[in-house]
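For reference, the structure is listed below as structure tokens.
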Amino acid sequence: MRITRLYSLLFACMVICCGTGCKKDAYKDDGGKAVAEVNMTTYDYLKSKPQFSSLIHLIDKAGLQEKLNSNITFFAVTNYGVDDWVSAKKQQRIIQLNDENITFTIDSIPVSYYKDSLLTYMFAGKITRDSLTTRGKIYNNLLGPVSADTTYLIKLHRFTDVYSNYLDYIEYVNFTLVIGSRDDLAADPDAIPESQKDISSDCQTSGIITTTGILHVLDGYHRLFFNGEPLSGN
2 MRITRLYSLL
12 FACMVICCGT
22 GCKKDAYKDD
32 GGKAVAEVNM
42 TTYDYLKSKP
52 QFSSLIHLID
62 KAGLQEKLNS
72 NITFFAVTNY
82 GVDDWVSAKK
92 QQRIIQLNDE
102 NITFTIDSIP
112 VSYYKDSLLT
122 YMFAGKITRD
132 SLTTRGKIYN
142 NLLGPVSADT
152 TYLIKLHRFT
162 DVYSNYLDYI
172 EYVNFTLVIG
182 SRDDLAADPD
192 AIPESQKDIS
202 SDCQTSGIIT
212 TTGILHVLDG
222 YHRLFFNGEP
232 LSGN
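For the numbering used here, add 1 to where a residue sits in the sequence shown, where the first one is 1.
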């Protein structure tokens with residue numbers, strides 16, 4: 002791979018976008034090996050960034066601050082992903098009550114509904130970019146095995162079509178919900194039923210080293226808990 006001064010540019014983009022409100026794919030610049038070391042805990046770092054306010058609200062309500070600040074790797078979901086999840090839950094409630102005018106907010110969802118599920122984004126130890134490969138492997142999260150048919154794959158997702166004079170390819174840290182067996186190892190992925198297809202999300206920023214662990218930020222298209230339910234219209 003040919004890498005020169007672009008690392009500093011990618012790092013600058015990452016820092017700028019982490020400090021501002023971004024569109025869903027606005028700071029998908031995870032191609033360099035530059036890492037940001039911040040003199041803050043993972044919780045404090047996320048709390049200092051407005052694009053994680055919805056996630057922090059859930060973590061606070063679930064009482065997971067201490068867990069988040071333990072020696073773990075955390076995949077953070079932006080407000081886009083959390084708010085879309087809330088919108089999907091609202092739509093479910095609208096259908097149940099047959100009332101489109103209900104008042105429904107993030108606080109309408111019981112803590113018991115998501116407290117344990119937040120642990121699926123937490124992994125013991127430090128999972129850094131340098132420890133990952135394009136093949137990847139299955140990791141156990143802090144929730145533990147959900148079922149034999151549901152596991153989590155972490156790998157590097159390589160893109161070779163990068164239109165750059167500096168890079169031959171870009172690799173994103175990738176977080177995948179594996180349903181059954183891994184799609185990427187199947188002889189014929191197109192033959193996999195839709196309900197059994199893995200759900201994959203790239204990280205828009207990765208390798209942030211806090212004083213308590215490692216932080217990877219999922220892109221804005223990742224909906225919390227890989228939720229795929231219809232959204233409400235308001």
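Idealized CB from N, CA, C, for every residue including glycine.
- Under the 8 Å Cβ criterion, the segment 104–120 counts as touching the segment 81–93, having at least three qualifying pairs.
- In this structure Y153 is buried. Its beta-carbon is surrounded by 16 or more other beta-carbon atoms within 10 angstroms.
- For H58, no beta strand (DSSP E) run applies; the uninterrupted alpha helix (DSSP H) run containing it begins and ends at 54–63, by DSSP.
- Inter-segment contact for the segment 122–130 and the segment 70–79 is present: three or more beta-carbon pairs are separated by less than 8 Å.
- Separation of G145 and Y122 (C-alpha to C-alpha, rounded to the nearest whole angstrom) is 11 Å.
- Distance from the CA atom of H58 to the CA atom of E101, rounded to whole angstroms, is 25 Å.
- Assigned with DSSP and collapsed to three states, R94 falls in helix.
- DSSP places G208 within a strand segment (E or B) once states are collapsed to three.
- Annotated three-state conformation of D100 is coil, per DSSP.
- Between Y167 and R159, the gap from beta carbon to beta carbon reaches 8 Å or more.
- Beta-bridge partners assigned by DSSP to K138: I155.
- Shortest Cα-Cα distance from G181 to any of A149, K156, Y164 involves A149.
- In this structure, G82 keeps its C-beta atom at 8 Å or more from the C-beta atom of R183.
- For N70, the CB contacts under 8 Å within the same chain, skipping 5 residues up- and downstream, are T42, T43, Y44, T213, G214 in chain order.
- Taking a 10 Å sphere around the C-beta of Q52, we find 16 or more other C-beta atoms and assign the residue as buried.
- Rounded to whole angstroms, the separation of the alpha carbons of V179 and I139 is 9 Å.
- If you draw a 10 Å sphere on the C-beta of N99, you find fewer than 16 other C-beta atoms in it, and that means exposed.
- S201 is bridged by DSSP to T177.
- Sixteen is the threshold: since fewer than 16 other Cβ atoms of the shown chains lie within 10 Å of the Cβ of T134, the residue is exposed.
- In the three-state reduction of the DSSP assignment, F76 falls in the strand class, which pools E and B.
- Membership of V39 in any beta strand (DSSP E) is not indicated, and neither H nor E is assigned to it by DSSP.
- Using a Cβ distance threshold of 8 Å, I200 and F227 count as a contacting pair.
- Bridge partners of G82 according to DSSP: none are assigned.
- The C-alpha of D203 lies about 9 Å from the C-alpha of V218.
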